[in-house]
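One structure below.
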Amino acid sequence: MATPSLHRFPDLPTELRLQIWNSSCVPRIPNRHAVHYIDVDKDNSLTGHLEVFHRGFGDDETKSACLMDAGLWTTCRESRDVITKQWLATHSDGFGTLTKMLIRGNGEKDGQCLVSPFRDMFCLKARDWNIDPGSSRACQMFIKDTDGPSDPNKSPDVPETYRPNHYFRINNIAFEFDPSWVVDFPETYEDLMREASPRGFLSRLMYYRLYESEPGFNIWLIDKDTQWSWNPKWGIHRELLPGQTIDFPVDRFSDYDGDYMEANLVLRCKWCANERSGILDDYLVKVNRLGADCVGINGDEDYELDPGYMSIYDINEQARLLVRPDNQVELCTKDHYLINRSQDSDSDLYPDSDMGF
């Protein structure tokens, strides 16, 4: 039996072909931005500025939102025109710019996809974490538009004064949390920054952001497994005000696997959280304890931070958290401190008795 083929597809009427392409597009949802998994092109990066790209369509490590329409981006010019119009229609509110990001073909032909450098989330999945930004006070990540110049030397001022349609600065840089980050933790923050690892590079970005009055980017931690709670009096989002509900149209992010939204770990009860959620808490505590070491690491004696400010250094001030909506748990209203004090008092009163708990 002959292998099925679409070699007669171009013979279909144009209207029918366009209808088929449009029906193949993944539906776009307002206030739903994309998560893309990227790598750093160290060869083409300049001092203090890192150029990023997307690895090939066949890379199993990536679950980027742009891959949901991978077939439309790669089939032909007509299919690319259709998916491009879909993206433009969804992002037509004028908030931010769309650019074409390079997708390297892993031995096959390179591709491209539309992304929003300002609104989308770009999660760094580097194959080589020995990344030196080349600067102790600034670190920006840029997307080179595939419609821009092929030779960076043609734009000598890029990306320091990047030009529209050539280089675009990424606004949201993310890292996917791994429970192994709590293992063999270094003794100082400086040692942590020296690591050629995801947590090492993350710590460097947080340090640079701490020192920059206008860092130009947000840092995010993506935890796909941790539990979180929502308090209607506080809200889980920084944009929410007291009295607003979860139905407030806040931004969400999506990749190939599902949705994510911002959460505040302060609202989750550490006594009721499962063991996996406690690993993230442990990591945050470890980083916070090393935070005071940040002063003086860069050797700049003329730059000083208020010691009082450094004493309350908190990773949550430098990195925000994305969680899965389906990992929400009920808000704990118990007074665990009162319960523990009561149990301790009972033990003191009856130290030798078997009370059954």
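All residue numbers for the sequence shown refer to full-length UniProt numbering, where the first residue is 1 and numbers rise by one. All residues carry an ideal CB built from backbone N, CA and C; glycine is no exception. Values in this document were obtained by computation on a predicted structure and should not be read as measured data.
Run through DSSP, which three-state label would Asn218 get?
For the purposes of this step, residue 218 is taken as the residue at position 218 of the sequence shown. In this structure, Asn218 counts as strand in the three-state DSSP scheme.
Would you decide whether Lys42 is buried or exposed? Buried here means 16 or more other CB atoms lie within 10 Å of its CB.
Residue numbering aside, residue 42 sits at position 42 when the sequence shown is read from its first letter. Exposed, since its Cβ has fewer than 16 Cβ neighbours within 10 Å.
Using the Cα positions of Pro179 and Asp259, report the straight-line distance between them to the nearest angstrom.
Start at 1 with the first residue of the sequence shown, and residue 179 comes out as number 179. Start at 1 with the first residue of the sequence shown, and residue 259 comes out as number 259. Approximately 21 Å between the Cα atoms of the pair.
Are the CB atoms of Leu280 and Phe201 within a distance shorter than 8 Å?
Numbered from 1 along the sequence shown, position 201 holds the residue referred to as residue 201. Numbered from 1 along the sequence shown, position 280 holds the residue referred to as residue 280. Their beta carbons are not under 8 Å apart, which means Phe201 does not touch Leu280 by this criterion.
Just reading off the alpha helix (DSSP H) that Met141 is part of, what are its end residues?
By one-based count along the sequence shown, residue 141 stands at place 141. No alpha helix (DSSP H) contains Met141, which is instead part of the beta strand (DSSP E) from Gln140 to Lys144.
For Thr99, which beta-bridge partners are listed by DSSP?
By 1-based counting over the sequence shown, the position of residue 99 is 99. Val115.
Taking the alpha helix (DSSP H) that Tyr189 belongs to, which residues open and close that run?
Your numbering for residue 189 matches position 189 in the sequence shown. Taken as a continuous stretch (DSSP letters only), the alpha helix (DSSP H) holding Tyr189 covers Tyr189 to Arg194.
State the Cα-Cα distance for the pair Glu239 and Arg320, rounded to the nearest angstrom.
By one-based count along the sequence shown, residue 239 stands at place 239. By one-based count along the sequence shown, residue 320 stands at place 320. Reliability fails at Glu239, whose pLDDT of 41 lies under 50, so the model's placement of it is uncertain and the value that follows must be treated cautiously. About 13 Å.
With distances taken from CA atoms, which of Leu124, Asp128 and Asn130 is nearest Phe142?
The residue you call residue 142 lines up with position 142 of the sequence shown. Looking at the Cα atoms, Leu124 is the closest of the given residues.
Quick one, which of Glu195, Arg77 and Leu16 has its alpha-carbon nearest Gly111's?
For the purposes of this step, residue 111 is taken as the residue at position 111 of the sequence shown. When only C-alpha atoms are compared, the closest one is Arg77.
Can you tell me which of Ile103, Tyr208 and Leu67 puts its alpha carbon nearest to the alpha carbon of His49?
As a position in the sequence shown, residue 49 is number 49, starting the count at 1. Of the candidates Ile103, Tyr208 and Leu67, the one whose C-alpha sits nearest the C-alpha of His49 is Tyr208.
Please name the residue in Val323, Lys286, Val52 and Trp220 whose C-alpha comes closest to that of Met121.
Counting from 1 along the sequence shown, the entry for residue 121 is found at position 121. The option with the nearest alpha carbon to Met121 is Trp220.
What's the gap between the Cα of Pro186 and the Cα of Gly291?
For the purposes of this step, residue 186 is identified with residue 186 of the sequence shown, where counting begins at 1. For the purposes of this step, residue 291 is identified with residue 291 of the sequence shown, where counting begins at 1. Answer to the nearest angstrom: the Cα atoms are 12 Å apart.
Rounded to the nearest angstrom, what separates Tyr283 and Lys100 at their Cα positions?
Locating residue 283 in the sequence shown gives position 283, counting from the first residue. Locating residue 100 in the sequence shown gives position 100, counting from the first residue. Rounded to whole angstroms, Tyr283 to Lys100 spans 36 Å at the Cα level.
With DSSP collapsed to three states, give me the class of Ile170.
On the sequence shown, position 170 is the one that residue 170 refers to. Coil, per DSSP.
State the Cα-Cα distance for the pair Leu331 and Arg32, rounded to the nearest angstrom.
Position 331 of the sequence shown, counted from the start, is the residue given in the question as residue 331. Position 32 of the sequence shown, counted from the start, is the residue given in the question as residue 32. Going from the Cα of Leu331 to the Cα of Arg32 covers about 26 Å.
What does a CB cutoff of less than 8 Å around Thr84 pick up in its chain, not counting 5 residues either side in sequence?
Looking up residue 84 in the sequence shown gives position 84. Result list for Thr84: Leu114, in chain order.
When the Cα atoms are used, what is the spatial distance from Gln140 to Arg169?
Position 140 of the sequence shown, counting from 1, holds the residue named residue 140. Position 169 of the sequence shown, counting from 1, holds the residue named residue 169. Near 7 Å, if we compare the C-alpha coordinates of Arg169 and Gln140.
Give the single residue among Asn327, Phe253, Asn264 and Gln318 whose Cα lies nearest to the Cα of Asn274.
Residue 274 sits at position 274 when you count from the first residue of the sequence shown. The option with the nearest alpha carbon to Asn274 is Asn327.
Which of helix, strand or coil does DSSP assign to Phe177?
As a first step, residue 177 is located in the sequence shown; it is residue number 177 there, counting from the start. Correct three-state label for Phe177: coil.
Whole angstroms are fine: how far does the CA of Val40 sit from the CA of Ser116?
Reading the sequence shown from its first residue, position 116 is the one you call residue 116. Reading the sequence shown from its first residue, position 40 is the one you call residue 40. Answer to the nearest angstrom: the Cα atoms are 18 Å apart.
Is the distance from the Cβ of Arg102 to the Cβ of Trp87 below 8 Å?
On the sequence shown, residue 102 is found 102 positions in, with the first residue counted as 1. On the sequence shown, residue 87 is found 87 positions in, with the first residue counted as 1. Per the sequence shown, the amino acid found at residue 102 is Leu instead of Arg. No, these two residues do not count as a Cβ contact at 8 Å.
Quickly, what does DSSP pair Leu50 with across the bridge? List them, please.
Within the sequence shown, the letter at position 50 stands for residue 50. Beta-bridge pairing links Leu50 to Met141.
Hey, how far is the Cα of Arg127 from the Cα of Cys66?
Position 127 of the sequence shown, counted from the start, is the residue given in the question as residue 127. Position 66 of the sequence shown, counted from the start, is the residue given in the question as residue 66. Cα to Cα, the separation comes out at about 20 Å.
Counting only the same chain and skipping the five closest in sequence on each side, list residues whose C-beta sits under 7 Å from that of Met206.
The residue labelled residue 206 in the question sits at position 206 within the sequence shown. Once the five neighbours on either side are set aside, the close Cβ partners of Met206 are Ile219, Ile315, Gln318 and Ala319.
Can you check DSSP and say which residues form a bridge with residue 373?
Summary: the structure shown does not reach residue 373, with the chain confined to residues 1 through 357, and so no result is reported for it.
Can you tell me which of Asp145, Asp223, Phe175 and Ile173 puts its alpha carbon nearest to the alpha carbon of His166?
As a position in the sequence shown, residue 166 is number 166, starting the count at 1. Checked all of Asp145, Asp223, Phe175 and Ile173; the closest Cα to His166 is Asp145.
Taking the alpha carbon of Val329 as the point to measure from, which residue in Trp271, Asn288 and Thr75 has its own alpha carbon closest?
The sequence position of residue 329 within the sequence shown is 329, counting from 1. Residue Trp271 is the option with its Cα nearest to Val329.
Taking the CB atoms as reference points, tell me whether Asp255 and Lys63 lie closer together than 8 Å.
By one-based count along the sequence shown, residue 255 stands at place 255. By one-based count along the sequence shown, residue 63 stands at place 63. Yes.
In three-state terms, what does DSSP make of Glu262?
Walking along the sequence shown from the start, residue 262 turns up at place 262. Looking at Glu262 - three-state DSSP - the assignment turns out to be strand.
Whole angstroms are fine: how far does the CA of Ile131 sit from the CA of Leu322?
Against the sequence shown, residue 322 aligns to sequence position 322. Against the sequence shown, residue 131 aligns to sequence position 131. Their backbone Cα atoms lie some 24 Å apart in a straight line.
Closer than 6 Å by C-beta to Asp225: which residues in its own chain qualify, once you throw out the five before and the five after it? Chain order, please.
For the purposes of this step, residue 225 is taken as the residue at position 225 of the sequence shown. The answer, listed in chain order, is Arg276.
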